[in-house]
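Have a look at this one:
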């Protein structure tokens, strides 16, 4: 049995996702025993990544609630700019975050957290391109491969994914 057996984790998807930032955590979490659902906005049945990989949505945002999951990941790429336009996405992110469940954000994903209004007082990393947005939302930005601040786990880019996945999985230690 893996260290995440029995855990359900949501991973959000929309067109323009960063291919590695979606697929690497999905596969790593499944390898660790988690049940991972890829949740789309409902704008399509299948979404295209920045580099051409496609990703079918296993569920749409209208079919899930925070109670269904023990954690959530928002991959980067250009998808976060689209994801943050859906109130149900923001509600899911906020509800999971406020329930103190692990929330992962990679690269441009803090855009979704900013729109969900959960970054005030947090320390986070991201791609440097959204540093000003993060700071303007009331968070402290740092340049590290993975940052853990309470239930918020963040990383900058695909090269950081091993550190990010280790930190995200470790966030479940001691949870029922």
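Numbering (my numbering), first residue to last: 2 to 177.
Every residue gets a Cβ at the ideal spot worked out from N, C-alpha and C, and that includes glycine.
For residue 167, count neighbouring Cβ atoms within 10 angstroms of its own Cβ and tell me buried if that reaches 16, exposed if not. Against the chain shown, residue 167 aligns to sequence position 166. Exposed, by the Cβ-count rule.
Go through its chain and collect everything with a Cβ distance to residue 123's Cβ below 6 angstroms, but skip five positions before and after it. Against the chain shown, residue 123 aligns to sequence position 122. Contacts found: 140, 150 and 153.
So is residue 55 buried or exposed if we call it buried at 16+ other beta carbons inside 10 Å? Taking the chain shown and counting its residues from 1, one reaches residue 55 at position 54. So residue 55 counts as exposed.
Can you tell me whether residue 161 is buried or exposed? The criterion is at least 16 other CB atoms within 10 Å of its CB, across all chains shown. Residue mapping note: residue 161 aligns to position 160 of the chain shown, counting from 1. That one is buried.
State buried or exposed for residue 117, treating a residue as buried only when at least 16 other CB atoms are found within 10 Å of its CB. Translated into the one-based positions of the chain shown, residue 117 becomes position 116. Classification of residue 117: buried, given that the 10 Å Cβ count is 16 or more.
Of the listed residues 132, 165, 137 and 84, nearest to residue 146 (C-alpha basis): To locate residue 146, count along the chain shown from 1; it is residue 145. Out of 132, 165, 137 and 84, 165 has the C-alpha closest to the C-alpha of residue 146.
Continuous beta strand (DSSP E) stretch holding residue 36: start and end: Position 35 of the chain shown, counted from the start, is the residue given in the question as residue 36. Segment 36-41, the beta strand (DSSP E) holding residue 36.
Taking DSSP's pairing of strands, which residues face residue 61 in a bridge? Position 60 of the chain shown, counted from the first residue, corresponds to residue 61. 41, per the DSSP bridge assignment.
Report the rounded CA-to-CA distance for residue 85 versus residue 3, giving the unit in angstroms. Against the chain shown, residue 85 aligns to sequence position 84. Against the chain shown, residue 3 aligns to sequence position 2. Whole-angstrom Cα-Cα distance: 32 angstroms.
To the nearest angstrom, report how far apart residue 81 and residue 6 are at their CA atoms. Against the chain shown, residue 81 aligns to sequence position 80. Against the chain shown, residue 6 aligns to sequence position 5. Going from the Cα of residue 81 to the Cα of residue 6 covers about 28 angstroms.
With DSSP as the reference, label residue 86 as helix, strand or coil. Counting from 1 along the chain shown, the entry for residue 86 is found at position 85. DSSP places residue 86 in coil when its eight states are reduced to three.
When DSSP labels each residue in this structure, what does residue 69 get in the three-state scheme? As a first step, residue 69 must be located in the chain shown, where it is residue number 68. DSSP places residue 69 in helix when its eight states are reduced to three.
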